Structures are given as structure tokens and as C-alpha cells.
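Visitor: Protein chains in written order, with the working numbering: chain A, 1 to 332; chain B, 1 to 173.
Ideal Cβ placement from N, Cα and C applies to all residues, glycine included.
In this text the structure is predicted, and so the values were computed from the model without any measurement.
Before I ask anything, here is the structure I am working with.
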Amino acid sequence: MRPFDYLRPDDVATAVRAVADDPDARFLAGGTNLVDHLKLGVARPGLLVDVRGLPLHDVEVADVGGGTVLRVGANVRNSDLAAHPVVRREFPAVARALVSAASAQIRHQATTGGNLLQRTRCVYFQDVSTPCNKREPGSGCSAVEGFARYNAVLGASPECVTVHPSDLAVALAAVDASVVTDGPAGERRLPVAELHRLPGDAPEKDTVLEHGELITAVELPASPVAQRSTYYKARDRASYAFALASVAAGLELDGDVVRDVRIVWGGVAHKPWRALRAEEALRGERFSEEAVLAAADAELEQAETSPGTAFKVPMVRGATALVLGRLAGGGR
Amino acid sequence: MPTVSFRVDGVDHTLDVDVRTTVLDLLRERLGNTAPKKGCDHGQCGSCTVLLDGRRHLTCLALAVSYDGAEVVTAAGLGEGHADGLHPVADAFLRNDAFQCGYCTPGQVCSAVGMLDELREGHPSHVTEDLDAEVDPDDDELRERMSGNLCRCGAYVGILAAVRECVASGGEA
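This is the structure we're talking about:
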């Protein structure tokens with residue numbers, strides 16, 4: 001592990017300035033991904049700025065722009081957020097996504113902001129002896145013709161075919177959550193669905209955040225689709241594994257007609273994949289499994305598969321029907 | 001080198017550390033506490049689990065500088081104040097044949113103690129059907145809640161029996 005300098009500021013402005021002023025600096029939160037990257041040589045920062053001393057530990061109901069949101073500080077632990085009574089009652093997809101991720105130990109260490117900024121578990125990204133455009137731009141992609149089980153089927157590029165590993169990000173996108181950031185250019189809000197980016201020709205950039213821009217909070221607006229939402233995760237073993245494919249969905253019915261719906265897929269793209277075509281196909285329609293499957297098919301027309309990833313298309317299609325059927329039946 | 005302080009199994013320590021030192025390496029290499037084990041060293045096996053400020057943590061993924069001031073209880077310190085120096089969870093592991101080689105056991109025992117607290121506090125898990133109801137700690141719940149600790153000997157049947165017994169006896173910790 002390369003030696004680094006370590007800072008633990010107690011205010012956001014100092015933390016932001018420390019990273020913004022040093023191209024070789026990185027924020028450190030719970031460390032469950034970054035500490036491993038230090039060991040593997042995937043990350044070799046010259047300065048770590050520990051954000052766990054920043055006062056971003058609260059969950060509170062707040063008024064933002066005329067509406068009520070649950071404001072979650074970036075340092076709130078994954079375990080505490082999953083157990084929070086308002087999250088369990090008003091945002092079940094978020095609670096379900098959190099408890100489906102990692103292990104209890106890791107959920108005590110991992111934070112809300114850090115979870116969103118974890119990096120891909122692509123085996124080639126994590127193995128510094130192999131080419132990887134995300135780790136080393138221009139070196140090539142080993143996954144394109146390599147081990148493909150965790151590769152993307154939507155929105156990939158020739159430069160990068162990996163997926164984003166966060167379960168939480170998928171659920172947050174489905175409940176219309178926003179991230180609040182503080183950076184060299186000041187504070188801003190952006191939807192979680194717009195935080196991560198598709199790889200294009202710059203797969204080294206996971207998100208739209210600037211260097212030195214820090215997630216300080218996540219805001220979850222209460223809504224009918226959030227209140228009736230859930231998360232389903234398909235994986236290779238029953239627990240403690242990343243998603244092969246996952247679905248976060250919310251449903252608001254008017255009788256048997258779909259008034260509003262959210263469908264976001266995980267494990268299939270470089271970002272949480274909001275299935276906008278599928279949502280559009282369902283809105284205003286009578287709810288049925290056939291309608292859901294047809295909507296999923298409309299979205300999946302864009303899918304591009306290889307022999308190693310072809311299984312994901314029927315998997316995410318079936319999971320979408322399962323999840324929406326469960327919600328229509330009153331489950332969460 | 002930065003100076004850090006830890007309270008480990010009831011004893012205070014203050015020492016200078018290389019900034020790259022994990023809590024696991026601090027415990028094992030600097031303080032000679034070999035109860036937490038270095039299994040995978042990548043957060044995948046759970047053998048380095050301790051209770052840190054009361055909750056189960058993976059010490060291999062924790063930098064010592066980042067946890068300066070923490071109180072750590074390892075499997076070696078759990079028995080403090082109990083009859084025969086044996087924590088009831090450790091005792092249940094013994095009586096239920098919950099290990100073979102024993103390498104993962106200190107992590108399993110710490111993890112089980114932390115899990116019992118989480119159950120008491122009503123934390124939901126991946127297999128909890130109703131997020132608003134009280135958790136029914138059946139075998140599915142216990143397996144899911146212990147899934148962060150691997151046992152390569154495959155002593156899971158005994159581990160489950162030991163943990164089940166602790167839950168039934170009120171989860172004394």
C-alpha cells in the first residue's frame with residue numbers, strides 16, 4: 001500500500017477544500033470499499049480526507065421546496081438507515097435494498113454517501129495485473145471478452161461493460177431521491193438517477209460529481225409510489241453477494257389502473273437503470289402481468305447481450321413481473 | 001506517525017501507528033491480541049469480526065487512524081465477568097459442536113453477540129417479511145443474519161444450533 005497523508009476535518013468546508021486543492025486526494029467514508037482498494041493497489045491516493053468526523057449523522061424530516069423530505073446525512077450508517085422507522089414505513093424499497101446488501105458487519109461500517117460512491121466489483125477492475133479502462137484509461141477492457149456474468153446488458157460501451165454494484169442507489173432512484181452535495185462551486189441538488197453516468201468513452205468517471213465535490217445528504221420525498229415500493233435482488237447465493245439483476249419498483253393504483261409507477265433495474269448497467277419506456281407503457285393501463293411483461297419487453301429492446309450475459313434479460317423481465325405483482329397484491 | 005488510542009477488552013492503549021495500519025493489524029501485530037483472525041483480509045469472510053463501540057465490525061476494512069478512540073471487544077475479552085470466563089454465546093458454541101478447526105469461531109462468536117443485540121433492537125433483515133412487525137427469529141432469520149461469517153469446515157449446523165439456543169435463552173450478551 002502506498003503511504004498517504006491523512007486528515008480528519010470536523011467541518012465540510014475544510015474537507016471539500018482539502019480534496020479540491022489536491023488532485024491526488026480522495027474522500028474516505030466507511031472504507032469498506034476504499035480500504036480494500038488501497039490494499040489491492042486499485043486506489044493509490046496521496047491524501048485521504050476522512051469524512052466520518054463531519055456532522056452528517058442525522059436523519060430528519062425537513063421542508064425542501066414546499067415539500068416534505070426525509071433528509072439523511074451522508075454519514076448515516078446503512079444499518080441505521082435500514083432500521084429507521086420512517087424508512088421502513090414510507091420507503092420500503094430503500095430498507096429492502098439496504099438489508100439485501102453486503103453483511104451486517106459491513107452495513108454497520110458503510111455510510112449512505114459512501115454506498116453511492118462505491119466502485120464496480122468487476123474482477124478486472126480489481127486486478128491491477130489486467131487491462132481496465134476504468135482503472136487505467138486507455139489500457140483496454142478485459143471484461144468485454146472475459147468473465148461476463150456481472151457485465152451490463154444496457155448502456156454499455158466498447159470501452160467498459162461493467163455495472164454499478166450499489167443496491168441502495170437503485171432503490172433511491174425508484175423513490176425519486178436526490179443527493180445534496182457541497183463542492184468548490186457551492187451546494188447543489190441532483191436526482192440520484194442522474195448521479196451515476198453511462199461509461200461512454202470515459203469509464204473512469206463513475207458519476208457526474210467534480211473532484212472535491214462531497215455528498216452531504218440524501219433527500220427522500222414522501223410519495224404514494226415510494227410508500228408502496230419494494231426491492232428484489234437475484235444473486236448467485238442467498239446472501240452476501242452482489243446482484244446479478246435487481247428491481248426496485250413503486251406502484252400507485254387507482255382501482256386496477258396504474259396511476260403511477262417506478263421501475264429501476266440494478267446489476268444491468270453502469271448506473272441504476274430507470275426503465276422509462278416500461279413505466280410509460282404501464283401508466284394509465286389496467287394492471288396485469290401481461291401488461292408488465294410487455295412493458296419490460298419494450299424497455300429490453302435496447303438490451304445488448306453476449307453469451308455470458310444473455311440470462312439477464314429473462315431474469316430482469318421475470319423479476320419485474322414478480323415485484324410489480326407483489327406490490328399490486330399489497331405486499332412491500 | 002499518528003498517535004491513536006483504543007480500549008481493547010477493557011484495557012487502554014495509546015500507540016503510534018503507520019497510517020496504513022488496519023484495526024486488525026493493530027490488534028494482532030501491535031497488541032498481540034490474536035483472537036480476531038486474518039482470513040481473507042478483504043471483507044469477504046468475517047473472521048476478523050469484533051465488537052467496535054458495541055457493534056460487529058470487520059477490522060480488516062477499518063483503518064486504525066479512522067477509528068481512533070474506539071472501544072473494541074474481541075472474542076478474547078467477551079468472557080470478562082462471566083462464570084469460568086466464558087461468554088454464554090461461546091459456551092453455546094462449545095456445547096453445540098459449532099466448529100471444527102476453530103479459525104472462524106472468534107469472529108462467529110463476536111458476530112452472534114452483535115446479532116443478538118440487533119434482534120433485541122428490532123433491526124429488520126433481508127428475509128424479514130413484514131418490515132413493520134416484530135421480527136420472528138426463526139432459522140431463516142438466523143442464517144441470514146450470520147451470513148457475513150463463513151465457515152470453511154461447514155460447521156453451520158452446529159453454529160445455527162448454538163445461535164438458536166442463545167436466542168431462546170433471551171440472547172444474554
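Pull out every residue of the region 108 to 122 of chain B whose Cβ sits closer than 8 Å to any Cβ of chain A, in chain order.
Guide: So the close ones are Ser111, Gly114, Met115, Glu118, Glu121, Gly122.
Visitor: Give me the Cα-Cα distance between alanine 173 (chain A) and valine 73 (chain B), rounded to the nearest whole angstrom.
Guide: Using only the alpha carbons, I get a separation of about 38 Å.
Visitor: Hey, would you say alanine 275 (chain A) sits closer than 8 Å to glutamate 299 (chain A), going by beta carbons?
Guide: Contact: yes.
Visitor: Should valine 99 (chain A) be flagged as near chain B, meaning a C-beta pair shorter than 8 Å?
Guide: Valine 99 (chain A) counts as touching chain B.
Visitor: Quick one: which residues of the region 48 to 67 of chain B get their C-beta closer than 7 Å to a C-beta of chain A? List them in chain order.
Guide: The residues in question are Thr49, Arg55, Arg56, His57, Leu58, Leu61, Ala62, Leu63, Val65, Ser66.
Visitor: Beta-carbon within less than 7 Å of glutamate 144 (chain B)'s beta-carbon, same chain only, minus the 5 sequence neighbours each way: which residues are those?
Guide: Contacts found: Ser125, His126, Val127.
Visitor: Count Cβ pairs between the region 274 to 288 of chain A and the region 198 to 209 of chain A that sit closer than 8 Å; are there 3 or more?
Guide: The region 274 to 288 of chain A, when compared against the region 198 to 209 of chain A, does not touch it at the 8 Å Cβ threshold.
Visitor: Pick from B:Tyr103, B:Cys166, B:Leu31: whose alpha carbon is nearest that of aspartate 12 (chain B)?
Guide: Among B:Tyr103, B:Cys166, B:Leu31, the Cα nearest to that of aspartate 12 (chain B) belongs to B:Leu31.
Visitor: Go through its chain and collect everything with a Cβ distance to leucine 214 (chain A)'s Cβ below 7 Å, but skip five positions before and after it.
Guide: Cβ within range, chain order: Val12, Ala15, Val16, Phe27, Val51, Thr181, Asp182, Gly183.
Visitor: Would a check of beta-carbon distances place histidine 84 (chain A) closer than 8 Å to chain B?
Guide: Answer no: the Cβ-Cβ gap between histidine 84 (chain A) and chain B never drops below 8 Å.
Visitor: What number of angstroms, rounded off, separates the C-alpha of alanine 173 (chain B) from the C-alpha of tyrosine 103 (chain B)?
Guide: Unreliable placement is indicated for alanine 173 (chain B), whose pLDDT of 45 sits below 50; the coordinate value is still reported in the next sentence. Spanning the two alpha carbons is a distance of roughly 22 Å.
Visitor: Does any residue of chain A have a CB that is nearer than 8 Å to the CB of leucine 131 (chain B)?
Guide: It does: the Cβ of leucine 131 (chain B) has a partner Cβ on chain A nearer than 8 Å.
Visitor: Whose CA, out of A:Pro165, A:Val264, A:Ala171, A:Cys132, lies closest to the CA of proline 158 (chain A)?
Guide: Here the closest residue by C-alpha is A:Cys132.
Visitor: Just mark methionine 115 (chain B) as buried or exposed, buried being the case when its beta carbon has 16 or more other beta carbons within 10 Å.
Guide: Per the 10 Å Cβ criterion, buried.
Visitor: For chain B, is any of its Cβ atoms less than 8 Å away from the one on isoleucine 263 (chain A)?
Guide: Output row for isoleucine 263 (chain A): interface = no.
Visitor: For alanine 20 (chain A), which beta-bridge partners are listed by DSSP?
Guide: For alanine 20 (chain A), which the question treats as bridged, DSSP gives no partner whatsoever.
Visitor: Can you tell me where the beta strand (DSSP E) with threonine 120 (chain A) in it begins and where it stops?
Guide: No beta strand (DSSP E) holds threonine 120 (chain A); DSSP gives it neither H nor E.
Visitor: For chain B, find out if any of its Cβ atoms is closer than 8 Å to the Cβ of phenylalanine 27 (chain A); answer yes or no.
Guide: For phenylalanine 27 (chain A), the answer is no, since every Cβ of chain B falls outside 8 Å of its Cβ.
Visitor: Please decide whether threonine 32 (chain A) counts as near chain B, where near means a Cβ-Cβ distance under 8 Å.
Guide: It does: the Cβ of threonine 32 (chain A) has a partner Cβ on chain B nearer than 8 Å.
Visitor: Count the other CB atoms, across all protein chains shown, that sit within 10 Å of the CB of histidine 84 (chain A); report buried if there are 16 or more and exposed otherwise.
Guide: Under this definition histidine 84 (chain A) is a buried residue.
Visitor: Do you know whose CA, among A:Arg317, A:Thr120, A:Ala243, lies nearest glutamate 290 (chain A)'s CA?
Guide: The option with the nearest alpha carbon to glutamate 290 (chain A) is A:Arg317.
Visitor: How far does the beta strand (DSSP E) with proline 221 (chain A) in it extend, from its first residue to its last?
Guide: Unbroken beta strand (DSSP E) run through proline 221 (chain A): 214 to 221.
Visitor: Helix, strand or coil for arginine 89 (chain A) per DSSP?
Guide: If DSSP states are grouped into helix, strand and coil, arginine 89 (chain A) belongs with the helices.
Visitor: Output needed for aspartate 22 (chain A): all residues of its chain with C-beta closer than 8 Å, excluding positions within five of it in sequence on either side, in chain order.
Guide: Excluding sequence neighbours, aspartate 22 (chain A) sits near Gly46, Leu47.
Visitor: Per DSSP, which residues does phenylalanine 125 (chain A) bridge with? Please list them.
Guide: In DSSP, phenylalanine 125 (chain A) forms no bridge with anything.
Visitor: According to DSSP, simplified to helix, strand and coil, what is threonine 21 (chain B)?
Guide: Here threonine 21 (chain B) sits in coil by DSSP.
Visitor: Measuring straight from C-alpha to C-alpha, what distance separates valine 144 (chain A) and phenylalanine 311 (chain A)?
Guide: The alpha-carbon atoms of valine 144 (chain A) and phenylalanine 311 (chain A) are separated by roughly 16 Å.
Visitor: Restricting to Cα atoms, I'd like to know which of B:Val113, B:Gly81, B:Thr59, B:Ala92 is closest to alanine 110 (chain A).
Guide: The residue with the shortest Cα to Cα distance from alanine 110 (chain A) is B:Thr59.
Visitor: Using DSSP bridges, identify the partner residues of serine 178 (chain B).
Guide: For residue 178 (chain B) there is no data in the structure shown, the boundaries of chain B being 1 and 173.
Visitor: Using a Cβ-Cβ distance cut-off of 8 Å, determine whether glycine 6 (chain A) contacts chain B.
Guide: Here the sequence assigns tyrosine to residue 6 (chain A), which means glycine is not the residue at that position. Yes, tyrosine 6 (chain A) counts as interfacial toward chain B.
Visitor: Whole angstroms is fine: what's the gap from arginine 7 (chain B)'s alpha carbon to aspartate 84 (chain B)'s?
Guide: Approximately 23 Å between the Cα atoms of the pair.
Visitor: Select from A:Ala82, A:Val153, A:Gly155, A:Thr162 the residue whose C-alpha is nearest the C-alpha of serine 142 (chain A).
Guide: Here the closest residue by C-alpha is A:Thr162.
Visitor: Check the C-beta distance from threonine 207 (chain A) over to isoleucine 263 (chain A) and give it rounded, since I have them as a contact under 8 Å.
Guide: With a Cβ gap of about 22 Å, threonine 207 (chain A) and isoleucine 263 (chain A) do not count as contacting.
Visitor: Which same chain residues end up closer than 6 Å to isoleucine 106 (chain A) when comparing Cβ atoms and leaving out the 5 residues on each side of it in sequence?
Guide: Thr32, listed in sequence order.
Visitor: Is there a C-beta anywhere in chain A that falls below 8 Å from the one on proline 124 (chain B)?
Guide: So yes, proline 124 (chain B) belongs to the interface.
Visitor: Applying the 10 Å Cβ sphere with the 16-neighbour rule, what's the burial state of arginine 332 (chain A)?
Guide: Counting Cβ neighbours within 10 Å, arginine 332 (chain A) comes out buried, since at least 16 surround it.
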